[in-house]
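Scroll down for the structure; my scribbles are underneath it.
Numbering (the working numbering), first residue to last: 0 to 237.
Structure follows, in structure tokens:
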């Protein structure tokens, strides 16, 4: 049995808050074409939202030098969706998502006086070197400060090749093996096979094909169900 109690004579003070959240809505990583419904992803889909455009600088965490933005999103830039935009880019709606989160954090921890000054004066931001994550940090900072910043907000990152946070190109070997085993299990799962049949019927397709995978000269076979989900959820929220 666990018993919790507190005394009214003890003055408690909030000293730390940890928040886990996903980046804002993005363009899909997969594209499953269907005659029933299709989507275009023009550059306007990811246009910057004015209220999020606070001054910021993206620095290498170790060298403190400005990061060349041409080195960001190298794994995504080769793949273009119908309409011209690349996969995995933060959309305008995604920017709104994160700005609203910043506003919520300001209301909860700054305006209330629980933890931060209003507007917050001391802040440090670190991100992985992926464009949607860098922009997400900018949008949160804009909402958190209501755009009241004394100078460029500093967002630091390290080279993608040496990144230890996920996603990165050098994942844990155990995770890689679990992913391979899980993927193989999905291929042979009768319930997943039934779901694929239902999806093909609904989308009027003979096969579920990720058009971006075809460009990699891989065998044309039913793609994973979560590829379809990734594509169509991205369409819904963007």
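Note that beta-carbon positions come from the ideal geometry of N, C-alpha and C, so glycine has one too.
Exercise for review: Whole angstroms is fine: what's the gap from residue 236's alpha carbon to residue 72's?
Suggested key: 22 Å
Practice item. Helix, strand or coil for residue 192, going by three-state DSSP, please let me know. Key: helix
Check your understanding: With C-beta atoms as the reference, is residue 141 less than 8 Å away from residue 53?
Key -> yes
Check your understanding: Grouping DSSP H, G and I as helix and E and B as strand, with all else coil, what is residue 248?
Key -> Outside the shown range of the chain, which is 0 to 237, sits residue 248, and nothing can be said about it.
Practice item. Let me know if residue 39 comes out buried or exposed under the rule of 16 or more other beta-carbons within 10 Å of its beta-carbon. Key: exposed
Check your understanding: Does the Cβ of residue 220 have 16 or more other Cβ atoms within 10 Å, making it buried, or fewer, making it exposed?
Key -> exposed
Exercise for review: Closer than 8 Å by C-beta to residue 0: which residues in its own chain qualify, once you throw out the five before and the five after it? Chain order, please.
Suggested key: Only weak support is given to the placement of residue 0: the predicted model assigns it a pLDDT of 46, under 50, and the question is left unresolved by the model.
**Study point:** Proximity of residue 93 and residue 22 at Cβ, strictly below 8 Å
**Key:** yes
**Study point:** Reference residue 12; option with closest CA among 113, 78, 49
**Key:** 113
Check your understanding: Which ranges does the alpha helix (DSSP H) cover as unbroken runs of at least 4 residues, wholly within the segment 51–123, from first to last along the chain?
Key -> 91–108
Practice item. Per DSSP, which residues does residue 153 bridge with? Please list them. Key: 56
Review point. Under 8 Å, do residue 211 and residue 198 count as touching if we go by C-beta distance?
Key: no
Check your understanding: Once you ignore the five residues that flank residue 138 on each side, which residues in its own chain have a CB closer than 6 Å to its CB?
Key -> 51, 94, 97, 98
Point to revise | Candidates 58, 91, 20, 101: closest to residue 115 by CA position | key: 101
Practice item. Measure the CB-CB distance between residue 156 and residue 60 and report whether it falls below 8 Å. Key: yes
Exercise for review: Report the rounded CA-to-CA distance for residue 55 versus residue 130, giving the unit in angstroms.
Suggested key: 14 Å
Exercise for review: Whole angstroms is fine: what's the gap from residue 150's alpha carbon to residue 172's?
Suggested key: 42 Å
Point to revise | residue 295 - containing alpha helix (DSSP H), residue span | key: A query on residue 295 cannot be resolved here, the shown segment of the chain reaching from 0 to 237 and no further.
Review point. How is residue 209 classed by DSSP in three states: helix, strand or coil?
Key: strand
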